[in-house]
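Beneath this line is the structure, given in structure tokens, with notes to follow.
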Amino acid sequence: MKTFRHPNKAIITYKPRVEPAPPEHAWRVEGFKDVYLLRGNYVAFVLVGSSFQRSPVFTLPESAQRWANQVRQENDV
Numbered sequence: 001m002k003t004f005r006h007p008n009k010a011i012i013t014y015k016p017r018v019e020p021a022p023p024e025h026a027w028r029v030e031g032f033k034d035v036y037l038l039r040g041n042y043v044a045f046v047l048v049g050s051s052f053q054r055s056p057v058f059t060l061p062e063s064a065q066r067w068a069n070q071v072r073q074e075n076d077v
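All residue numbers for the sequence shown refer to UniProt numbering, where the first residue is 1 and numbers rise by one.
Below, the structure written as structure tokens:
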């Protein structure tokens, strides 16, 4: 069995960005609560406390909404 090329490489995890509000150039997607179309990709913005958390980029709006629902459950929003 081959050894891994980068055995000590750090694992990168996603930390949601915190923004004051969804950008004005983002289009809200019809039929979804938190999903916006931003530069051809789907992004979710969830209000947590006094700021919005931005999701990673998704290719499907359902995936972005699922991420938003998970963040809401984790933060009891």
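Glycine included, C-beta positions come from ideal geometry on N, C-alpha and C. These numbers come from a predicted model, not from an experiment.
Closest in C-alpha terms to Thr59, from the list Lys15, Asn75, Ala44 and Thr13, comes Ala44. CA-CA distance, Val57 to Gln70, rounds to 15 Å. The residue from Ala21, Val29, Glu19 and Ala10 with its alpha-carbon nearest to that of Ser63 is Val29. Taking C-beta separations shorter than 6 Å and ignoring five residues to either side along the sequence, the partners of Ala68 in its chain run Asp34, Ala44 and Val46, following chain order.
Taking C-beta atoms as the reference points, Pro22 and Tyr42 fail to come closer than 8 Å. Judged by DSSP in its simplified three-state form, Ser63 adopts helix.
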